[in-house]
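Below is one structure, written out as structure tokens, with a few remarks after it.
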Amino acid sequence: MPRRWDLPPWQDLRVLIAFLFLPNVQSALGQVQSRSTYPAPIVVPSSESWDGNDGPWSTFVFQIGTPPQTVKLLPSTASYETWAIAPEGCQPGDPSNCHTLRGELYNYNTSSTWDPNLTNTSSQVYPLELEVPLGYTGKGRYGFDDVTFGYIGSGGLLVKNQSIAGIATKSYFMGLFGLTPRSKNFTSFNNPIPSFMQSLQSQSTIPSLSWSYTAGNQYRLGNVLGSLILGGYDSSRFVKNNLSFALDVDTEIAVGLQAITTGTGQSLLPSPITAISLDSTLPYIYLPIEACTQFESVFGLTWNDTAQLYLLTDSQHSALRSQNPSITFALGTPPYTVNITLPYAAFDLNASWPLVSSTTPYFPLRRAVNDTYVLGRTFFQEAYVIADYEAKSFSISQCKWDKPLLQNIVTILPPNSTNSTGTATTSNSLPTAAIAGISVGGAAIVVISILLLYLFHFKPRRQRVAELPTNTPPPALDQVQVLKAEMGDTSVASPILCEAEGTKHTPPVEIGEGERPIYELPAREVPASEINSVNEPREIIARRNHVFFKG
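Numbered according to mature numbering (1 follows the signal peptide of the UniProt record, and there is no 0), the sequence shown spans residues -27 to -1, 1 to 524.
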């Protein structure tokens, strides 16, 4: 009589196959689960309107406070703060629609969730530490309040207790949404306040500390809205190149400027610039006086000392529109450069109150009074910039204008993730690598099973038949439970992404091409944790000019 664990040969075979197959299934499921930990990127909702007194510009919509107050903000690639226009920003002598012109007002006094910043016990007002080298000054009333993406009722992500500055100065006509993940100290103590981007990362609501931005414009395809994505980018909006540049969170996004030329080959830059900042805070392009002189000569521009702008007369404006010149910026370090070309329409902007008394066309070029050179928001109309602070790199690409523009959002994952370029779908299917692994393992199992079937079943059966009497009944099946491969739940929650296998690349850094779906993120109410960082003054340094190249 065989012991209970002495199974008949055919049952031995089934048990063996089960144990062979089970690890493959569990491994595949484990791969899915290990890569299902990153949230989808946040596509910041456009206001679908054009605002500003120096544009117009495509703005983005947010709600601040309780009850929510809707404001329109412009992205700032240089700032790490969120600014909204306070009631003091519109005075009795201002136009009656001042609040509309400035993207609506945020009245902190009517918000039940407003918490003043009392780090300095004597005041809530602190200096605005932005664009100081360019001569900009101002103060803001700082505090903490809740911020929601999108219009009221749109179900956008809620981020509680964020640092907000209510500003009144008209030097910054619109409120700003800072993209730099840098903390701010309000005292000499090491007690920094995290930026909005840092809060999103600490609350696991973005896949990585990264963003992508292009300003949009009104002259392409009958108005193309700006695009701002946190933790990803839209691959349909730019022409990919193989260059990326070094990025440091404690300094500006800057790159070398090798040349500026017209479509006819005329040079507009007397000598290369070691580092020029990519700063969407302001619309202007700040260049050396020698370069501005070249622009004046080629395009017939005249500097207006009162407005501090290159204002255009009707005849100048008509002539430039008729000529329709293009201007190309060569960025990087030779031999690795990328060209970004802007048509004249990108420079064809209007200045209005309070810059000038009545709406006037102007050319957004300004004279740099020091070594601070800037490619402002004008440049972002034709440039798509992706910044990845965890990979410490950024890229600049020429925008493309395919019609229709079919959004294709790609997630930027942390450098230590399995693969930042794999494709995910909304279904619960296994990733390609997992399927391939199962297929290879399955083929091996089939071959082994056939061999084992012969060794354990057919061959012993012939031997037993020869030994047993002809009237001996076949042995009864022992009631032993056969193991099965346990299939766990393979479904993945809808906001979770499944990443395909891949290898991690070291510099040259290249942004991946994989596609990722976008999901509506739920509002979360996790308090922002403070993240320490070095609070250094703004500076542009030559090492920002390091280039990574992928051949």
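C-beta: ideal position from N, C-alpha, C; glycine also.
According to DSSP, what are the bridge partners of residue 311?
When DSSP reads this structure, residue 311 sits in a beta bridge with 304.
Please confirm whether residue 14 and residue 202 have their CB atoms less than 7 Å apart.
Taking a C-beta distance under 7 Å as the contact criterion, residue 14 and residue 202 qualify as a contact pair.
Three-state class that DSSP yields for residue 25 in the structure shown
In the three-state DSSP reduction, residue 25 falls in the coil class, being neither helix nor strand.
Curious, which full-length beta strand (DSSP E) runs of at least 3 residues does the region 200 to 260 contain?
With a minimum length of 3 residues, the continuous beta strand (DSSP E) runs that stay inside the region 200 to 260 are 200 to 203, 205 to 207, 216 to 219, 227 to 235, 246 to 251, 258 to 260.
Can you tell which of 174, 78, 51 has its C-alpha closest to the C-alpha of residue 535?
Residue coverage of the chain in this structure runs from -27 to 524, which leaves residue 535 outside it and unanswerable.
Enclosing alpha helix (DSSP H) for residue 262 [first to last residue]
That run of the alpha helix (DSSP H) goes 262 to 272.
Hey, is residue 145 close to the ligand COA, as in C-beta under 6 Å from one of its heavy atoms?
As for the ligand COA, it is missing from this structure, which has no ligand bound.
If we ignore side chains and look at the alpha-carbon of each, how far apart do residue 244 and residue 128 end up?
Cα-Cα distance, rounded: 51 Å.
CB contact flag (residue 167, residue 177, <7 Å)
Between residue 167 and residue 177, the CB-CB gap reaches or exceeds 7 Å.
Report yes or no: do three or more beta-carbon pairs, one from the region 43 to 56 and one from the region 19 to 34, lie closer than 8 Å?
Yes: the two stretches touch, three or more of their Cβ pairs being nearer than 8 Å.
Would you be able to state if there are at least three C-beta pairs under 8 Å between the region 338 to 351 and the region 252 to 263?
Judged by Cβ distances under 8 Å, the region 252 to 263 makes contact with the region 338 to 351, as three or more pairs qualify.
Work out the CA separation of residue 137 and residue 280 for me, nearest whole Å.
For residue 280 and residue 137, the distance between alpha carbons rounds to 30 Å.
Please state whether DSSP places residue 150 in a helix, a strand or coil.
Three-state DSSP puts residue 150 in a strand.
Counting only the same chain and skipping the five closest in sequence on each side, list residues whose C-beta sits under 8 Å from that of residue 135.
Cβ neighbours of residue 135 beyond the five flanking positions: 55, 117, 118, 119, 120, 169, 172, 501.
Rounded to whole angstroms, what's the CA-CA distance from residue 106 to residue 132? Just pull it up for me.
Their Cα atoms are separated by approximately 32 Å.
How far does the beta strand (DSSP E) with residue 155 in it extend, from its first residue to its last?
Following the DSSP letters along the chain, one finds residue 155 in no beta strand (DSSP E), marked with neither H nor E.
Buried versus exposed, by CB contacts within 10 Å (16 or more), residue 237:
Taking every protein chain shown into account, the CB of residue 237 has fewer than 16 other CB atoms within 10 angstroms, so this residue is exposed.
Please report the straight-line C-alpha distance between residue 323 and residue 204, rounded to a whole angstrom.
Going from the Cα of residue 323 to the Cα of residue 204 covers about 33 Å.
I need the straight-line Cα distance from residue 174 to residue 222, nearest angstrom please.
For residue 174 and residue 222, the distance between alpha carbons rounds to 15 Å.
Who are the Cβ neighbours of residue 160 in its own chain at under 8 Å, not counting the five residues just before and after it?
For residue 160, where only same-chain residues beyond five positions count, the Cβ hits under 8 Å are 92, 93.
Between 363, 230, 25, 354, which has its C-alpha nearest residue 557's C-alpha?
In this structure the chain extends from -27 to 524, so residue 557 is not present and cannot be described.
Just the Cα atoms here: how many angstroms apart are residue 380 and residue 370?
Annotation: residue 380 to residue 370 spans about 17 Å, alpha carbon to alpha carbon.
Can you say whether residue 495 is buried or exposed, counting buried as having 16 or more other CB atoms within 10 angstroms of its CB?
Low confidence applies here, because residue 495 scores a pLDDT of 39, under 50, leaving its location unreliable; read the following figure in that light. Classified as exposed, residue 495 has fewer than 16 neighbouring CB atoms from the shown chains inside 10 Å of its CB.
State the start and end residues of the unbroken beta strand (DSSP E) segment that holds residue 318.
If you look at residue 318, you'll find it isn't in any beta strand (DSSP E); DSSP assigns it neither H nor E.
Where the alpha helix (DSSP H) containing residue 171 begins and where it ends:
Segment 169 to 175, the alpha helix (DSSP H) holding residue 171.
So residue 140 packs on residue 111, CB below 8 Å; how close in whole Å?
At roughly 6 Å, the Cβ-Cβ gap stays under 8 Å, so residue 140 and residue 111 are in contact.
So, under 8 Å CB-CB, residue 47 and residue 149 are touching, yes? Tell me the CB distance rounded to an integer number of Å.
Right, their Cβ atoms sit about 6 Å apart.
Quick one: grab the DSSP three-state call for residue 97.
In the structure shown, residue 97 falls within a coil segment according to DSSP collapsed to helix, strand and coil.
Please classify residue 319: is it buried, with 16 or more other beta-carbons within 10 angstroms of its beta-carbon, or exposed?
By the C-beta density criterion, residue 319 is buried, having at least 16 other C-beta atoms within 10 angstroms.
Give the secondary structure of residue 106 by DSSP, where H, G and I count as helix, E and B as strand, and everything else as coil.
Judged by DSSP in its simplified three-state form, residue 106 adopts helix.
Distance between residue 327 and residue 68 (C-alpha atoms, nearest Å)
Near 10 Å, if we compare the C-alpha coordinates of residue 327 and residue 68.
Count the other C-beta atoms from every protein chain shown that fall within 10 angstroms of the C-beta of residue 292, then say buried if there are 16 or more, exposed otherwise.
Per the 10 Å Cβ criterion, exposed.
I'd like to check one pair, residue 382 with residue 361: are the Cβ atoms closer than 7 Å?
Taking a C-beta distance under 7 Å as the contact criterion, residue 361 and residue 382 do not qualify as a contact pair.
For my contact list, residue 76 and residue 58 are in at a C-beta cut-off of 8 Å; report their separation, rounded to the angstrom.
Sure, about 6 Å apart at Cβ, within 8 Å.
My parser needs the beta strand (DSSP E) runs of 3 or more residues fully inside the region 14 to 60; what are they?
Counting whole runs of 3 or more residues, the region 14 to 60 contains the beta strand (DSSP E) stretches 19 to 24, 30 to 37, 42 to 49, 55 to 58.
Please list, in chain order, all residues of the same chain as residue 264 whose beta carbon is under 8 Å from its beta carbon, the five residues on each side excluded.
Cβ contact annotation for residue 264 (same chain, cutoff 8 Å, sequence separation greater than five): 233, 241, 242, 243, in chain order.
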